[in-house]
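**Student:** Quick one: the structure is below, questions incoming.
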């Protein structure tokens with residue numbers, strides 16, 4: 321390999337920060353034009369002795385001693401606190417004023433996500449509580465508001481050592497190590513308010529295939545006689561289809577037909593704008609902007625087909641962490657940069673690992689054309705309470721993200737996390753099968769993986785395998801007979817199948833491999849830096865190793881796809897194709913050539 325090809329840009333991208341952090345509308349699949357962003361400076365207090373509740377901190381004018389920048393967690397740099405220690409209970413407070421033009425309407429208070437439990441007060445009165453750190457929640461705060469300035473107080477509890485809650489990669493020990501990283505506690509996604517009429521659209525589910533049919537299921541709050549739901553589909557500013565139905569009940573169904581639809585795919589991310597309206601006796605009382613993409617995912621003789629076209633899944637594992645903001649994307653520019661780099665390297669998808677990703681990431685994946693494997697932050701241990709907590713959040717995550725055409729896979733469980741005794745405890749094997757069927761009941765349009773990586777049952781739509789064999793020739797030899805019905809499935813370090821189950825013939829997906837580590841000169845990494853395949857001494861050594869692994873996959877046509885570990889370094893885990901601060905470690909065009917080998 322010529323030395324000239326080994327030069328890379330070692331300047332980290334700079335993402336502009338605005339006066340109001342994360343100023344964009346946080347829910348672009350369901351956007352109203354009239355709203356107020358509550359991100360920015362809030363009063364903040366640690367409550368390590370858990371005294372604030374008994375002392376009624378929600379009902380006192382005593383200022384908190386610190387200031388935090390929402391929506392960044394207190395463990396992060398961008399929060400202004402930058403304290404990664406254990407602080408199970410924290411408090412937030414700020415004031416806000418609703419615009420005079422909102423008079424006569426209801427006011428909704430939205431939280432994108434608060435990890436893990438939240439109590440919310442407005443003017444000293446409880447607005448509501450929520451449990452679940454990965455999904456949004458909303459309170460109607462109209463009865464609690466007063467004219468002029470209002471006070472909003474939030475108490476968040478995130479038990480740092482609790483391994484029975486969905487925590488993903490957030491470590492239960494104080495300092496990061498191995499595959500686990502710094503925690504993200506408290507408010508970590510945008511907070512906002514918006515006005516609605518007494519009758520309004522709570523949610524609209526969109527189902528669309530390749531036939532041009534767009535099916536809408538609207539949930540109406542305040543349904544009554546005289547209300548009408550209307551959906552208008554637009555392309556390039558022109559109306560191309562519409563649908564309407566009476567909204568006398570909370571559930572409304574309507575269907576619009578688009579002639580000769582332009583289909584969504586990763587290489588042609590065609591989207592249609594959609595305008596949702598709720599009319600009362602012909603007058604518009606609620607209006608929401610959305611969009612849709614027409615596409616299907618199916619199985620074709622051991623391969624995945626997008627819109628009926630056999631497609632090799634070329635995914636990269638993306639942990640969704642940033643050095644300055646942990647799980648919260650620092651800016652919209654940062655989101656777009658990661659997606660753009662993923663595509664420029666030749667990948668057509670990202671496996672968002674152990675994280676329910678920010679809705680704006682999924683928006684840009686829809687817009688820019690990147691397939692996504694939708695996953696959930698897993699617990700580590702199993703009991704009935706863990707089942708209840710995880711299942712409730714997973715159902716909410718699937719509902720939140722159902723409309724995104726970029727999501728092409730659902731994978732609730734990874735590597736038996738949260739079900740560590742699948743072979744010995746029949747409750748746990750019943751649970752992963754139950755999650756598979758539950759997810760299919762919530763969404764029949766996408767494939768579901770029962771257990772990402774190993775210990776599969778016979779009920780999975782993709783047969784996902786994780787294999788960190790470090791040499792390409794060894795990987796090729798290991799899978800030389802893959803697809804031969806008379807040959808056993810290779811050993812991946814854990815049981816490929818649970819006892820008593822047989823491979824069900826679904827597409828085989830090498831959903832984790834690689835992990836080649838290289839630390840560029842001048843890069844700053846922790847002393848406990850590590851990688852799956854060991855640390856390569858030079859960039860060229862690393863590229864040769866990565867190339868050998870891609871060659872092995874190219875020589876194994878039975879693979880329906882793969883997922884390379886990983887897009888970026890994260891804290892001490894340095895097997896990224898970019899450093900933690902997003903400097904490419906290798907020439908982007910060289911990684912693309914490796915991806916292009918696999919057809």
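In the working numbering, the protein residues as written are 321 to 919.
Yeah, the Cβ is synthetic: ideal placement off N, Cα and C, and Gly gets one too.
(1) What residues in its chain sit with their C-beta under 6 Å from that of residue 913, if we drop five residues either side in the sequence?
(2) Check this for me: beta carbons of residue 268 and residue 364, under 8 Å apart or not?
(3) For a minimum of 3 consecutive residues, which ranges assigned as the beta strand (DSSP E) are wholly contained in the stretch 605-648?
(4) Compare the Cα-Cα distances from residue 641 to each of 587, 791 and 673 and report the closest residue.
(5) Quick check on DSSP: helix, strand or coil for residue 589?
(6) Is the stretch 655-662 in contact with the stretch 621-633, if contact means three or more CB pairs nearer than 8 Å?
(7) On a Cα-Cα basis, can you pick out the residue from 747, 405, 620 and 711 that is closest to residue 481?
(8) Starting from residue 388 and walking both ways along the beta strand (DSSP E), at which residues does that stretch end?
(9) Could you give the distance in angstroms between the alpha-carbon of residue 716 and the alpha-carbon of residue 348?
(10) Can the beta-carbon of residue 447 be found less than 8 Å from the beta-carbon of residue 457?
(11) Grab the span of the beta strand (DSSP E) containing residue 815 for me, first residue to last.
(12) Can you check which of these residues, 645, 559 and 395, is closest to residue 577 by C-alpha distance?
(13) What residues in its chain sit with their C-beta under 6 Å from that of residue 796, if we drop five residues either side in the sequence?
(14) Just grab the DSSP bridge partners of residue 562 for me.
(15) Can you check the stretch 658-746 for any beta strand (DSSP E) of at least 3 residues that lies completely inside it and give the ranges in chain order?
(16) Leaving aside the five residues before and after residue 441 along the sequence, list all residues of the same chain whose C-beta is less than 7 Å from its C-beta, in chain order.
(17) Could you give the first and the last residue of the continuous beta strand (DSSP E) run that contains residue 894?
(18) Identify every residue that forms a DSSP beta bridge with residue 535.
(19) Who are the near neighbours of residue 546 in its chain, counting only those whose CB is closer than 7 Å to its CB and skipping five residues on each side?
(20) Once the 5 residues before and after residue 391 are set aside, which same chain residues still bring their CB inside 8 Å of it?
(21) Please confirm if the stretch 724-731 is in contact with the stretch 763-777, defined as three or more CB-CB distances below 8 Å between the two stretches.
(22) Looking only at its chain, what residues have a beta carbon closer than 6 Å to the beta carbon of residue 371, apart from the 5 residues adjacent to it on each side?
(23) Give me the residue from 548, 573, 582 and 537 with the minimum Cα distance to residue 1001.
(24) Give me, in chain order, the residues of the same chain whose beta-carbon lies closer than 7 Å to that of residue 620; leave out the 5 immediate sequence neighbours on both sides.
(25) Considering only the alpha carbon of each residue, which of 500, 886, 867 and 897 lies closest to residue 918?
(26) Which of the three DSSP states is assigned to residue 910 in this structure?
(27) Please state whether DSSP places residue 776 in a helix, a strand or coil.
(28) What are the partner residues of residue 361, as DSSP defines its beta bridges?
(29) Quick one, which of 465, 612, 785 and 722 has its alpha-carbon nearest residue 760's?
(30) Does the count of Cβ pairs from the stretch 674-687 and the stretch 414-431 closer than 8 Å reach three?
(31) Just to confirm, is the Cβ distance from residue 695 to residue 734 under 8 Å?
(32) In this structure, how does DSSP classify residue 759 when only helix, strand and coil are distinguished?
(33) Distance, Cα to Cα, residue 856 vs residue 915?
(34) Ordered along the chain, which non-local residues of its own chain (more than five positions away) have a Cβ less than 7 Å from that of residue 823?
(35) If you measure between the beta carbons of residue 571 and residue 617, is that distance less than 8 Å?
(36) Leaving out five residues before and five after residue 828 in sequence, what residues of the same chain have Cβ atoms less than 7 Å from its Cβ?
**Tutor:** This is what the structure holds:
(1) none
(2) Residue 268 is absent from the structure shown; the chain starts at 321 and stops at 919.
(3) 617-620, 623-626, 629-631 and 633-638
(4) 673
(5) Reduced to three states, the DSSP call for residue 589 is strand.
(6) no
(7) 405
(8) 386-390
(9) 17 Å
(10) Contact: no.
(11) Where residue 815 is concerned, there is no enclosing beta strand (DSSP E), given that its DSSP letter is neither H nor E.
(12) 559
(13) Hits under 6 Å: 872 and 875.
(14) When DSSP reads this structure, residue 562 sits in a beta bridge with 552.
(15) 669-672, 691-695 and 727-731
(16) 378, 447 and 473
(17) Careful: residue 894 lies outside any beta strand (DSSP E) and carries neither H nor E.
(18) 527 and 575
(19) 600 and 601
(20) 341, 342, 359, 432, 507, 508, 509, 510, 511 and 648
(21) yes
(22) Hits under 6 Å: none found.
(23) Residue 1001 cannot be examined here, being either before or after the span of the chain that is shown, 321 to 919.
(24) Contacts found: 630.
(25) 867
(26) helix
(27) strand
(28) 389
(29) 722
(30) Output reads no: the stretch 414-431 does not touch the stretch 674-687.
(31) Yes. Within cutoff.
(32) Residue 759: helix per DSSP, three-state reduction.
(33) 21 Å
(34) 783, 809 and 817
(35) no
(36) 783, 785, 802, 878, 879 and 880
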